[in-house]
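Sequential numbering of the sequence shown, starting at 805, is according to our numbering.
Just so you know, even glycine gets a beta-carbon here, dropped at the ideal spot from N, CA and C.
Predicted model, so just to flag it, every value in this text is computed and none were measured.
Only one structure is covered here, and it is reproduced in the block below.
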Amino acid sequence: MIPESVKPEESVVRDMTIPFQNLTSLPTPLESGQCVTHKHEILICGGAYQRECYSYDVLKDKYKYICSYPSEVTLRGHCVAKRVDKDSNEVTLHWLMMRYVSVWNDNEEKEIESAKTKHCNEWVPFTDNDNKPVYFGRYVDNCEGARVLIGGSNNHLAFITYPPNYICVFNMNTFQYIKQNTLPTDDYIWYHCFVAKMGNEISHVKEKINAKHEMLLFCKETGIAIEYDEDNNMFAFQTLYVCSTMRSFTGYAYVCVNGVILFFGGYSNGERARHVHKYFIKENKWMQLTHTLSIPLWKSVGVLNGDDTCVHILGGNDHKGDALSTHIATQVQVWMKGEAEKQWMLEEEYLIGKEETKRDINEIKQLEIEIGKKQYKFQTKELK
């Protein structure tokens, strides 16, 4: 939502009849970027082979430099998570850690000087209580295209999904890995969708004794509902249906808002997509939308503004393989169900029915084969 005090020309999306609006281009091309929201700012925390970090003010449509990753750091498919401190004016970003204080404050020079003394707005190693660096993963692990969510009963757990098909839990208070599981899929999991089931924060269901946290993961043909039981340190997985037009795709921009996940673009077998999909979490149903991106995009990043009313899509990779400086935005309410989309849902439901019928027929045939084998063994035994 745009405050009333902001002039109309400063609003992010001005014409509600146009799905996407072009905003001021990024200061530098961005591929596989990582972004988090802080109040009315979007923090752009680097991208593939791009170390510079910027703050984008959604009200002013302007960028301001924050800092750069250390020169010895090379980024390719990294991920950034936000952990809100008790002081709501500060946000901690892991695994290299940055305590962020807004670069847009009115009393700018004094704030910047204060930030320097507190080592804010700079990337430093994430260290334990003995000031020793904390490292993620094993030497043999490939973490390109990993995703991370922050959750837990005290907002102290990092849930990390990474190639080829792993999920692990890291306790940020004790600086220890407390759980690792293999995801129930044969797909190579990277540059995927990994969201909390209830939106921006992992849903925390406190029952009589168990604290459970719910997440969703989509990548290519894989759809998984993930539940983590914090008290018993156990995962439970449930397979979810992936619609026919999304299978094989990865590297899409995505956001989770108002009980749905919106997917923008993606990549599959040399093809970069323009399509937009919507997944209804509660209903476990998909919809392909009639609006599409103006250009095919892959490895873009999607992020909501502070009040979850607007989706920003930043950067990406075009059909030539070049990183883009594109920054577009769209209002969440634009993505309403239309008649053409309803028809697509009906066709998809028909396809689901056909697939389920085919699966049932195959199971019956397999059962008949097993019964036939048993009858043959029984008859052979009688002849003897």
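- With respect to the 8 Å criterion, V862 and H842 are not classified as neighbours on the basis of their beta carbons.
- Here E1174 carries a helix assignment [DSSP, helix/strand/coil].
- Rounded to the nearest whole angstrom, the CA to CA distance from Q1092 to G850 is 31 Å.
- Counted as a single uninterrupted DSSP element, the beta strand (DSSP E) harbouring C1023 occupies residues A1015 to C1023.
- L1128 sits in a strand when the DSSP states are folded into three classes.
- Annotation for K868: S859 and V907 place their beta carbon closer than 6 Å to its own, counting only its chain and skipping 5 residues before and after.
- The beta strand (DSSP E) runs lying completely inside the stretch 936-976 and spanning 3 residues or more are 951-955, 961-966 and 970-975, given in chain order.
- Secondary structure at V1136: helix, using DSSP grouped into helix, strand and coil.
- Considering only N826, A950 and N909, the residue with the shortest C-alpha distance to V884 is A950.
- Less than 8 Å separates the beta-carbon of N1073 from that of S1052.
- In summary, H1079 is buried, with 16 or more beta-carbon neighbours lying within 10 Å of its beta-carbon over all protein chains present.
- The beta carbon of W1102 lies closer than 7 Å to those of G1055, G1069, G1070, Y1071, R1076, G1120 and N1121 in the same chain, with the five residues before and after it left out.
- In chain order, H1017 and F1039 place their CB closer than 6 Å to the CB of Y1032, counting only its own chain and leaving out the 5 sequence neighbours on each side.
- Here K1086 has G1063 as same chain residues with Cβ atoms under 8 Å from its own Cβ, once five neighbours each way along the sequence are excluded.
- DSSP, reduced to helix, strand and coil, places N1073 outside both helices and strands of the structure shown, so it counts as coil.
- Contact check for Q825 against A1133 passes: the beta carbons are separated by less than 8 Å.
- Per the C-alpha coordinates, the member of G956, I971 and L900 positioned closest to K936 is L900.
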